(Lines of atoms letter the chains of each structure in order from A and count residues from 1; the text may use other names and numbers.)
(Lines give C-alpha, C1' and ligand atoms only; values in the text may rest on other atoms or scores of the structure.)
Protein backbone atom coordinates (compact mmCIF):
# COMPACT_ATOMS: atom_id res chain seq x y z
CA UNK A 1 0.00 0.00 0.00
CA UNK A 2 1.44 3.37 -0.96
CA UNK A 3 1.83 6.28 1.45
CA UNK A 4 -0.98 8.14 -0.30
CA UNK A 5 -3.29 5.14 0.01
CA UNK A 6 -2.36 4.77 3.68
CA UNK A 7 -3.20 8.44 4.30
CA UNK A 8 -6.51 8.06 2.45
CA UNK A 9 -7.40 4.94 4.44
CA UNK A 10 -6.48 6.73 7.66
CA UNK A 11 -8.84 9.59 6.71
CA UNK A 12 -11.62 7.13 5.90
CA UNK A 13 -11.12 5.35 9.22
CA UNK A 14 -11.19 8.64 11.12
CA UNK A 15 -14.32 9.75 9.30
CA UNK A 16 -16.05 6.46 9.99
CA UNK A 17 -15.08 6.73 13.65
CA UNK A 18 -16.75 10.13 13.82
CA UNK A 19 -19.84 8.74 12.09
CA UNK A 20 -19.96 5.84 14.55
CA UNK A 21 -19.84 8.22 17.50
CA UNK A 22 -22.65 10.29 16.01
CA UNK A 23 -24.75 7.19 15.38
CA UNK A 24 -24.12 6.00 18.93
CA UNK A 25 -25.61 9.30 20.11
CA UNK A 26 -28.68 8.69 17.94
CA UNK A 27 -28.99 5.19 19.39
CA UNK A 28 -28.75 6.62 22.91
CA UNK A 29 -31.49 9.13 22.06
CA UNK A 30 -33.67 6.30 20.71
CA UNK A 31 -33.27 4.48 24.03
CA UNK A 32 -34.43 7.48 26.08
CA UNK A 33 -37.45 6.77 28.28
CA UNK A 34 -39.41 9.74 26.94
CA UNK A 35 -39.36 8.67 23.27
CA UNK A 36 -42.97 8.11 22.24
CA UNK A 37 -44.48 7.30 18.83
CA UNK A 38 -44.32 10.81 17.35
CA UNK A 39 -40.78 11.35 18.68
CA UNK A 40 -39.61 8.03 17.25
CA UNK A 41 -41.29 8.84 13.93
CA UNK A 42 -39.52 12.21 13.84
CA UNK A 43 -36.15 10.55 14.43
CA UNK A 44 -36.83 7.99 11.70
CA UNK A 45 -37.76 10.79 9.31
CA UNK A 46 -34.50 12.57 10.12
CA UNK A 47 -32.54 9.45 9.20
CA UNK A 48 -34.24 9.38 5.81
CA UNK A 49 -35.00 13.03 5.06
CA UNK A 50 -32.78 15.25 7.21
CA UNK A 51 -33.75 18.85 6.46
CA UNK A 52 -30.46 20.31 7.70
CA UNK A 53 -28.33 18.04 5.53
CA UNK A 54 -30.20 17.57 2.25
CA UNK A 55 -30.81 13.93 1.54
CA UNK A 56 -30.55 12.43 5.01
CA UNK A 57 -28.34 9.65 6.31
CA UNK A 58 -29.66 6.76 4.21
CA UNK A 59 -29.55 8.63 0.89
CA UNK A 60 -26.04 9.86 1.73
CA UNK A 61 -24.91 6.33 2.56
CA UNK A 62 -26.39 5.12 -0.74
CA UNK A 63 -24.51 7.91 -2.53
CA UNK A 64 -21.21 6.80 -0.96
CA UNK A 65 -21.84 3.20 -2.03
CA UNK A 66 -22.79 4.37 -5.55
CA UNK A 67 -19.57 6.36 -5.76
CA UNK A 68 -17.65 3.20 -4.83
CA UNK A 69 -19.58 1.32 -7.53
CA UNK A 70 -18.68 3.87 -10.18
CA UNK A 71 -15.04 3.70 -9.16
CA UNK A 72 -15.16 -0.10 -9.25
CA UNK A 73 -16.52 0.09 -12.81
CA UNK A 74 -13.39 1.97 -13.81
CA UNK A 75 -10.88 -0.37 -12.19
CA UNK A 76 -12.40 -3.86 -12.16
CA UNK A 77 -10.74 -6.36 -14.48
CA UNK A 78 -12.48 -6.97 -17.79
CA UNK A 79 -15.24 -4.51 -16.83
CA UNK A 80 -17.29 -7.57 -15.91
CA UNK A 81 -19.31 -5.99 -13.09
CA UNK A 82 -18.22 -8.50 -10.46
CA UNK A 83 -17.49 -5.64 -8.05
CA UNK A 84 -19.62 -2.78 -9.34
CA UNK A 85 -22.94 -4.62 -9.75
CA UNK A 86 -23.21 -5.72 -6.11
CA UNK A 87 -22.30 -2.19 -5.04
CA UNK A 88 -24.97 -0.64 -7.26
CA UNK A 89 -27.47 -3.16 -5.89
CA UNK A 90 -26.47 -2.37 -2.30
CA UNK A 91 -27.00 1.35 -2.94
CA UNK A 92 -30.43 0.66 -4.39
CA UNK A 93 -31.36 -1.52 -1.42
CA UNK A 94 -30.37 1.24 1.00
CA UNK A 95 -32.49 3.81 -0.81
CA UNK A 96 -35.41 1.77 -2.07
CA UNK A 97 -35.70 -0.91 0.55
CA UNK A 98 -34.37 0.40 3.85
CA UNK A 99 -35.32 4.01 3.24
CA UNK A 100 -38.86 3.15 2.22
CA UNK A 101 -39.30 0.93 5.27
CA UNK A 102 -38.19 3.80 7.51
CA UNK A 103 -40.86 5.96 5.90
CA UNK A 104 -43.52 3.30 6.42
CA UNK A 105 -42.58 2.86 10.07
CA UNK A 106 -42.58 6.61 10.69
CA UNK A 107 -45.98 6.97 9.00
CA UNK A 108 -47.36 4.13 11.13
CA UNK A 109 -46.07 5.69 14.36
CA UNK A 110 -47.19 9.23 13.52
CA UNK A 111 -49.41 9.60 10.44
CA UNK A 112 -49.87 13.32 11.10
CA UNK A 113 -46.11 13.90 10.97
CA UNK A 114 -46.07 13.46 7.20
CA UNK A 115 -48.08 16.62 6.70
CA UNK A 116 -45.73 19.51 5.92
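In the working numbering, the protein residues as written are 47 to 162.
Backbone N, C-alpha and C define an ideal beta-carbon position, used for all residues, glycine too.
Because the structure is a prediction, the values reported are computed rather than measured.
*Under a three-way DSSP split, which group does residue 63 fall into?*
If DSSP states are grouped into helix, strand and coil, residue 63 belongs with the helices.
*Would you grab the beta carbon distance between residue 64 and residue 75 for me? Rounded to a whole angstrom, and I think it's under 8 Å.*
Under the criterion of beta carbons closer than 8 Å, residue 64 and residue 75 do not qualify as touching, at roughly 17 Å.
*Where residue 145 falls, given that 16 or more other Cβ within 10 Å makes a residue buried*: So residue 145 ends up on the buried side.
_residue 51, buried or exposed, once every other Cβ within 10 Å from all chains shown has been counted against 16_ = Here residue 51 is exposed, its C-beta having fewer than 16 other C-beta atoms within 10 Å.
*Would you call the stretch 146-159 and the stretch 79-86 in contact, with 3 or more CB pairs under 8 Å?*
Yes: at least three Cβ pairs fall under 8 Å.
*asked:* Within 10 Å of its beta-carbon, does residue 115 have 16 or more other beta-carbons around it, so buried, or fewer, so exposed?
replied: Buried is the call here.
*Output the distance between the C-alpha atoms of residue 121 and residue 131, rounded to the nearest integer angstrom.*
Straight-line measurement puts the Cα of residue 131 at about 13 Å from the Cα of residue 121.
_Residue interval of the alpha helix (DSSP H) (run including residue 91)_ = 83-95 is the extent of the alpha helix (DSSP H) around residue 91.
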